[in-house]
Amino acid sequence: MKIAHISDIHCNYGIDFNEKIFDKAAKMVNKLDVDIVFISGDLTTDGLLSEYELAQKKLEGITGKLVIVPGNHDERNLGFKLFPEFFGETDFIHSLKDINLVGLASSEPDKDDGRLGRGRHKLIEQGIKKNDKMTIIGFHHHVIPVPNSGRETNIIEDAGETLEIILKNEIPLVLMGHRHVPFAVKIHKTLLVNAGTFSCNRTRAHFGNTFNIVDVDDDNISITVVDVRKEKQRKTIDYDLSDGCCINRNYD
Ligand SMILES: [Fe+2]
Ligand SMILES: [Fe+2]
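Sequential numbering from 18 applies to the sequence shown in the numbering used here.
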């Protein structure tokens, strides 16, 4: 199963949104013939109606099934009321081909901080109890600090409790965004993956605009970071689920 993991699109009529990069990146995604496109939030910058309309219009340029959770920017200015109108439920368990994908809204109206809370922790456990397929979790904020993304801020406030549930239940994969930097690391039996920003001008140093290709099968997960501007792919993670061996090429 192939997932395009994209994040932090930041549709906006100010300086945030780079439409040229979005269009280029969308074409790159479309060529990959993925099973699903998971978008881990920040589709807008200020949660405005005009930005939601722009995001909806631009996402029509990406083919395939889109699965979307909101980010902190999407919840600004009553944007949290618009998100369900445009993109459906914010917390869900989707049964997709070989996986159960638990999507969660980690953001709160008019706050940049993230939290999941007990209700969403229960939803994770419900996803795990389905037990017929691999469970993957996706939300916007980060659950551990992300290197190269500046001083730590906005990590989900119940990160400890969330990690406990994830690690205890040996969830193989968690997909996140928010920091505009691609990152992946394995802790215990879980691969924690952050996508960089797809089309926001607020990039960090040389990281540029990126998205992740996530290949999942019964005994392997790999992560490939795609640099949109350079049109380069770099496989950063190869995680063998059968023996637990994980090669992290970020640290070769
Ligand atoms: Fe963002
Ligand atoms: Fe964010």
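By construction, the Cβ of each residue, glycine as well, lies at the ideal position given by its N, Cα and C atoms. Fair warning: this is a prediction, and the values are worked out from it, not measured in the lab.
- Non-local beta-carbon contacts of ILE264 in its own chain, meaning distances under 6 angstroms to residues more than five positions away in sequence, involve ASP255 in chain order.
- At the C-beta level, THR227 and HIS27 stay beyond 8 angstroms of one another.
- For PHE55, DSSP records a beta bridge to HIS22, VAL84.
- In the DSSP assignment, LYS252 falls within the unbroken beta strand (DSSP E) covering 249 to 257.
- Spanning the alpha carbons of VAL54 and ASN186 requires a straight line of approximately 25 angstroms.
- In this structure, ASN218 sits near ILE32, with a CB-CB distance shorter than 8 angstroms.
- Straight across, the Cα-Cα distance linking ASP115 with ASP244 is about 27 angstroms.
- Burial state of THR207 is buried, judged by a 10 Å Cβ sphere holding 16 or more other Cβ atoms.
- Less than 8 angstroms separates the beta-carbon of LEU133 from that of ASP175.
- Under the three-state reduction of DSSP, SER216 is assigned to coil, being neither helix nor strand.
- The beta carbon of ASP232 sits closer than 6 angstroms to those of LYS19, SER239, all from its chain and outside the five residues before and after it, given in chain order.
- Separation of THR253 and GLY105 (C-alpha to C-alpha, rounded to the nearest whole angstrom) is 32 angstroms.
- Beyond the five residues adjoining it in sequence on each side, HIS22 comes within less than 6 angstroms, by CB distance, of PHE55, LEU192, ALA212, ASN229, VAL231 in the same chain, given in chain order.
- Around the beta-carbon of THR170, fewer than 16 other beta-carbon atoms lie within 10 Å, marking it exposed.
- Taking one beta carbon from each stretch, the region 134 to 153 and the region 73 to 92 have fewer than 3 pairs nearer than 8 angstroms; the two do not touch.
- When rounded, the separation of the alpha-carbon atoms in LYS203 and VAL160 is 13 angstroms.
- Excluding five sequence positions before and after CYS262, the CB atoms of its chain that fall closer than 8 angstroms to its own CB belong to TYR256, given in chain order.
- LYS114: not part of any alpha helix (DSSP H); DSSP gives it neither H nor E.
- A distance of 8 angstroms or more separates the beta carbons of ALA42 and LEU60.
- Placement of the Cβ of CYS217 at a distance of less than 7 angstroms from at least one heavy atom of ligand 1 is found.
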